[in-house]
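Written out below as structure tokens is the structure these notes cover.
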Amino acid sequence: MAYEAMAKNIPTDLLRSFVTVVDLGNFTRAAEALGRTQPAISLQIRRLEELLQTKLILTAGRQFALTDAGVALGPYARQLLRLNDDIVAHFADASLSGWIRVGVPTDFSHSFLLEAIAGFAAQHPDVKIEIESLLSRDLRGALANDLLDMAVAIVPEGDVPYLVETTLVEPFWAIKETFHLPPKKPLPILRHPDPCEYATRMRAALRLAGRSWRTVLVSRDIAGLQTAVRAGLGATALTPATLLPGMRIGRADEGFPPLAPLRIGLFYKHAVLSDAGHGLAQHVLEHIQQGERKM
1 MAYEAMAKNI PTDLLRSFVT VVDLGNFTRA AEALGRTQPA ISLQIRRLEE
51 LLQTKLILTA GRQFALTDAG VALGPYARQL LRLNDDIVAH FADASLSGWI
101 RVGVPTDFSH SFLLEAIAGF AAQHPDVKIE IESLLSRDLR GALANDLLDM
151 AVAIVPEGDV PYLVETTLVE PFWAIKETFH LPPKKPLPIL RHPDPCEYAT
201 RMRAALRLAG RSWRTVLVSR DIAGLQTAVR AGLGATALTP ATLLPGMRIG
251 RADEGFPPLA PLRIGLFYKH AVLSDAGHGL AQHVLEHIQQ GERKM
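Residues 1 to 295 in full-length UniProt numbering are what the sequence shown spells out, letter by letter.
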């Protein structure tokens with residue numbers, strides 16, 4: 001019995017249909033994107049439900065809603081499809097072409113990600129890349145509205161649409177090399193506008209440690225925070241890839257409590273991402289993982 005359960009295989013075309021319906025919002029658009037008929041897509045969803053022995057989607061006319069099982073399946077389906085697409089891309093013709101609209105976050109390592117994209121562009125000169133720089137929350141909205149093909153963004157808590165892959169990074173307190181704070185003074189912090197995952201972690205850590213703070217600077221991009229740190233205005237939360245010369249990591253014995261981990265996510269809609277898009281997505285993800293391992 002256990003062997004039969006382990007030996008059950010889920011065809012990737014069924015998972016792709018499921019993810020496409022979720023991404024595009026209805027069965028008709030999913031059918032158009034996949035070059036199938038709407039009844040064929042409905043049949044594939046039913047086959048997937050039969051394989052998993054659970055209801056995934058509830059329909060009422062043209063409207064649908066995911067069941068709890070459907071919500072749970074989403075991340076697994078996206079990961080499996082990404083692996084499938086990576087395998088296909090690995091053995092495909094190395095020459096890529098096309099146009100990709102990619103979003104990079106101003107609240108993560110902007111220059112670091114641009115270096116990764118530039119490296120991919122140099123390897124694939126026939127791929128035209130258009131870059132949009134926004135806060136993570138705005139990038140996710142742009143992707144949902146089809147203004148971007150893919151995005152790298154900070155992952156908030158809860159269920160997030162179009163999230164394909166995540167990388168865990170360890171933020172830390174970044175301060176000027178000569179920064180010194182008298183122990184009884186409030187900690188001057190530098191942050192992005194709320195809602196901000198970095199700021200949430202800084203405040204939570206300080207609150208838990210019983211340490212007071214005050215906001216000195218609010219900047220929409222990470223370069224502004226880096227400049228302020230090197231000027232000695234205060235402390236902010238950064239990650240290994242974004243620590244610059246002239247900065248150092250604030251230690252616990254100086255009054256800097258540990259910060260909770262942060263997730264960086266790769267977002268795209270499987271049904272509409274080109275081969276070039278898949279190639280760029282994999283390149284950027286590997287670049288992030290390598291950069292975060294440097295510390």
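Backbone N, C-alpha and C fix where the C-beta goes; we use that ideal spot for every residue, glycine too.
Being a predicted model, the structure only gives us computed values, none of them experimental.
Practice task
Round the Cβ separation of residue 134 and residue 103 to the nearest angstrom and send it over; I've been treating them as touching at under 8 Å.
Solution key: 6 Å
Problem - Proximity winner among 155, 138 and 96, relative to residue 128 (alpha-carbon distances) - result: 96
Practice task
Kindly indicate which three-state DSSP category residue 231 falls into: helix, strand or coil?
Solution key: coil
Handout entry: Proximity winner among 12, 64 and 11, relative to residue 28 (alpha-carbon distances)
Key = 64
Exercise for the section: For residue 278, count neighbouring Cβ atoms within 10 angstroms of its own Cβ and tell me buried if that reaches 16, exposed if not. Expected result: buried
Exercise for the section: State yes or no: is the C-beta of residue 189 within less than 7 Å of the C-beta of residue 202? Expected result: yes
Practice task
Buried or exposed for residue 198, please, with buried defined as at least 16 other CB atoms from any protein chain shown within 10 angstroms of its CB.
Solution key: buried
Handout entry: Sequence-distant residues of the same chain with beta carbon closer than 7 Å to residue 37, five excluded per side
Key = 31
Exercise for the section: Count the CB pairs spanning the region 265-276 and the region 152-166 that are closer than 8 Å, and state whether there are at least three. Expected result: yes
Handout entry: Separation of residue 46 from residue 1, as counted between CA atoms
Key = Residue placement at residue 1 is flagged as unreliable, the pLDDT there being 48, under the threshold of 50; the coordinate-derived value follows with that caveat. Roughly 24 Å between the two C-alpha positions.
Exercise for the section: Under the assumption that residue 116 contacts residue 287 (Cβ atoms under 8 Å), give the Cβ distance between them as a whole number of angstroms. Expected result: 4 Å
Practice task
Under 8 Å Cβ to Cβ from residue 261, same chain only, skipping five residues before and after it: list those, please.
Solution key: 168, 169, 170 and 171
Problem - Residue range of the beta strand (DSSP E) that includes residue 17 - result: Taken as a continuous stretch (DSSP letters only), residue 17 belongs to no beta strand (DSSP E), being part of the alpha helix (DSSP H) at 12-24.
Handout entry: Spatial distance of residue 78 from residue 11 (CA atoms)
Key = 13 Å
Practice task
Look at the alpha carbon of residue 43 and the alpha carbon of residue 144, and state the distance between them as a whole number of angstroms.
Solution key: 26 Å
Practice task
Following the continuous beta strand (DSSP E) through residue 103, name the residue where it begins and the one where it ends.
Solution key: 98-105
Handout entry: Rounded C-alpha distance that separates residue 245 from residue 232
Key = 13 Å
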